[in-house]
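Asker: Throughout the sequence shown, residue numbering follows this note's numbering, covering 3 to 184 in sequence.
Just so you know, even glycine gets a beta-carbon here, dropped at the ideal spot from N, CA and C.
Note that the structure is predicted; figures quoted are calculated from it, not measured.
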Amino acid sequence: MKTHRGFMPRLRQPNEPSKDRASTTTRLLTSSRAWIVVRGLIPACAIIAALSSCATMGPTVAAEPGVGFSLPMGGIAAINGNGTRIKFDHVRYDGRCPADEACGALDDRHDSGFYSGRASVLVIISKNGSPSETRILDIAPPRNETTWDGLRIRLEDLTPEPRSSNGYTPGHYLAQLVVDRM
């Protein structure tokens with residue numbers, strides 16, 4: 003067989019025996035090294051995935067029944083002695099009058115486009131082994147509380163108050179909640 007110099011490599015014919023067993027051994031060692039690397043990466047990827055999912059869940063707060071607590075958006079409250087978990091998912095609506103603006107009476111629409119005093123949040127309630135439920139809580143009674151599995155969950159306040167000069171800071175919301183046994 004003729005060897006060609008230039009851009010085309012010499013191809014081994016099927017009936018031509020391999021002259022170098024070392025190349026086969028090198029390929030096998032390389033593939034086993036690759037497998038060792040892959041086996042090492044699988045647990046590392048699992049740890050990274052677990053840590054990144056924890057980062058998106060937000061902080062967990064231990065809450066005592068009957069005692070008010072603050073829950074940041076994305077945070078989870080674990081109710082002591084019950085196994086219930088409450089996640090402050092997001093602010094559904096915030097039409098409260100900005101603290102630096104004059105608004106009228108409750109539920110009175112103004113030129114500014116705000117309803118004085120109205121805001122609502124979405125919470126996700128779950129308990130070990132049961133499906134989660136989504137509830138919407140307003141800051142004003144009577145829609146500021148809900149019941150679930152022997153508990154009364156009440157939204158007391160939502161901070162900070164909006165300001166038209168600063169705009170809204172959705173990542174900095176805190177829900178002030180109280181959970182009571184019924």
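Between ARG183 and SER122, what straight-line distance do the alpha-carbon atoms span, to the nearest angstrom?
Answerer: Within the sequence shown, residue 183 is the residue found at index 181, counting from 1. Within the sequence shown, residue 122 is the residue found at index 120, counting from 1. Cα to Cα, the separation comes out at about 23 Å.
Asker: Am I right that GLY85 and ASN130 are in contact with their C-beta atoms under 8 Å? What's the rounded C-beta distance?
Answerer: Along the sequence shown, one-based indexing puts residue 85 at 83. Along the sequence shown, one-based indexing puts residue 130 at 128. With a Cβ gap of about 5 Å, GLY85 and ASN130 count as contacting.
Asker: Could I get the ranges of all uninterrupted beta strand (DSSP E) runs contained in the stretch 126 to 177, with 3 residues as the minimum, in chain order?
Answerer: Entirely contained in the stretch 126 to 177, the beta strand (DSSP E) runs reaching 3 residues are, in chain order, 132 to 140, 147 to 150 and 153 to 161.
Asker: Starting from the Cα of GLU103, find the closest Cα among GLY68, SER166 and ALA80 and give me that residue.
Answerer: Position 101 of the sequence shown, counted from the first residue, corresponds to residue 103. Comparing Cα positions, the closest option is SER166.
Asker: Tell me the DSSP bridge mates of PRO74?
Answerer: Sequence index remark: in the sequence shown, residue 74 carries index 72 (1-based). Its beta-bridge partners are LEU176.
Asker: Note down, in chain order, each residue of its chain lying with its Cβ closer than 7 Å to the Cβ of ASP159, except the 5 sequence neighbours on either side.
Answerer: As a first step, residue 159 is located in the sequence shown; it is residue number 157 there, counting from the start. Answer for ASP159: ILE141 and GLN178, listed in chain order.
Asker: Among SER128, SER134, THR62 and PHE71, which has the Cα closest to the Cα of LEU157?
Answerer: Counting from one through the sequence shown, the residue named residue 157 turns up at place 155. For the residues SER128, SER134, THR62 and PHE71, the minimum Cα distance to LEU157 belongs to PHE71.
Asker: Please classify VAL69: does DSSP put it in a helix, a strand, or coil?
Answerer: Start at 1 with the first residue of the sequence shown, and residue 69 comes out as number 67. Residue state, collapsed to three classes: coil.
Asker: Excluding five sequence neighbours on each side, which residues of the same chain lie with their C-beta closer than 7 Å to the C-beta of THR203?
Answerer: In the structure displayed, the chain extends from 3 to 184; residue 203 sits before or after that span and is not available.
Asker: Under 7 Å Cβ to Cβ from HIS174, same chain only, skipping five residues before and after it: list those, please.
Answerer: In the sequence shown, residue 174 corresponds to position 172, counting from 1. The answer, listed in chain order, is PRO162.
Asker: Is ARG94 closer than 8 Å to ILE155 when the C-beta atoms are compared?
Answerer: If you number the sequence shown from 1, residue 155 lands on position 153. If you number the sequence shown from 1, residue 94 lands on position 92. No.
Asker: Relative to the C-alpha of ARG87, which residue among SER132, CYS99 and PRO144 is closest?
Answerer: Locating residue 87 in the sequence shown gives position 85, where the first residue counts as 1. For the residues SER132, CYS99 and PRO144, the minimum Cα distance to ARG87 belongs to SER132.
Asker: Per DSSP, ARG87 forms a beta bridge with which residues?
Answerer: Along the sequence shown, one-based indexing puts residue 87 at 85. DSSP, once it has assigned bridges, lists ALA80 and SER128 as partnering ARG87.
Asker: Quick one: Cα of GLY97 to Cα of LEU176, how far?
Answerer: Indexing the sequence shown from 1 puts residue 97 at position 95. Indexing the sequence shown from 1 puts residue 176 at position 174. Answer to the nearest angstrom: the Cα atoms are 16 Å apart.
Asker: Determine, using beta carbons only, whether VAL63 and ALA79 come nearer to each other than 8 Å.
Answerer: Residue mapping note: residue 63 aligns to position 61 of the sequence shown, counting from 1. Residue mapping note: residue 79 aligns to position 77 of the sequence shown, counting from 1. Yes, the Cβ-Cβ distance between VAL63 and ALA79 is below 8 Å.
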